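Visitor: My questions all concern the structure below.
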Amino acid sequence: MPQLNIGDSAPNISLPAIDGTTFDMSSMKGKRVIFTFFRFSSCPFCNFRIDRLMKRWNEFPEDTVMVGVF
Numbered sequence: 043m044p045q046l047n048i049g050d051s052a053p054n055i056s057l058p059a060i061d062g063t064t065f066d067m068s069s070m071k072g073k074r075v076i077f078t079f080f081r082f083s084s085c086p087f088c089n090f091r092i093d094r095l096m097k098r099w100n101e102f103p104e105d106t107v108m109v110g111v112f
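Using my numbering, read the sequence shown as starting at 43 and increasing by one per residue.
Laid out in structure tokens, this is it:
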């Protein structure tokens, strides 16, 4: 897959969600999506990144969605 740049449209991605449903990237059309990838739930680096994102969450536009991938 080629590299995406800020503002590029992402390809459609379907992933299993934690609630048993399927996450479909096409349902996010028109929103700003932040994909963040985690090694495992107790990873200190991953948790630090979540903490930083949450502290700055109000700086993102209202149409922003964060998708965590384990």
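Glycine is no exception: its CB is placed at the ideal position from the N, C-alpha and C atoms.
If you're wondering where the values come from, they're calculated on a predicted model, not measured in any experiment.
Judging by CA-CA distance, which residue of D61, S56, I60, F80 is the nearest neighbour of S69?
Guide: Your numbering for residue 69 matches position 27 in the sequence shown. Residue S56 is the option with its Cα nearest to S69.
Visitor: Please tell me whether R81 has its Cβ less than 8 Å away from any Cβ of chain D.
Guide: Among the chains of the structure shown, chain D does not appear; only one protein chain is present.
Visitor: Tell me F102's beta-bridge partners as DSSP assigns them.
Guide: Indexing the sequence shown from 1 puts residue 102 at position 60. For F102, which the question treats as bridged, DSSP gives no partner whatsoever.
Visitor: Can you give me the Cβ contacts of V107 inside the same chain, cut-off strictly under 8 Å, excluding the 5 residues immediately before and after it?
Guide: The residue you call residue 107 lines up with position 65 of the sequence shown. Answer for V107: M70, K73, R74, V75, I76, listed in chain order.
Visitor: Taking only the alpha-carbon atoms, compute the straight-line gap between P88 and R81 and give it to the nearest angstrom.
Guide: Here residue 88 refers to the residue found at position 46 when the sequence shown is read from its first residue. Here residue 81 refers to the residue found at position 39 when the sequence shown is read from its first residue. Reading the sequence as shown, one finds Cys at residue 88 and not Pro. Distance between the alpha carbons of C88 and R81: 7 Å.
Visitor: Cβ of N54 within 8 Å of Cβ of M67?
Guide: Taking the sequence shown and counting its residues from 1, one reaches residue 54 at position 12. Taking the sequence shown and counting its residues from 1, one reaches residue 67 at position 25. The answer is yes: Cβ separation under 8 Å.
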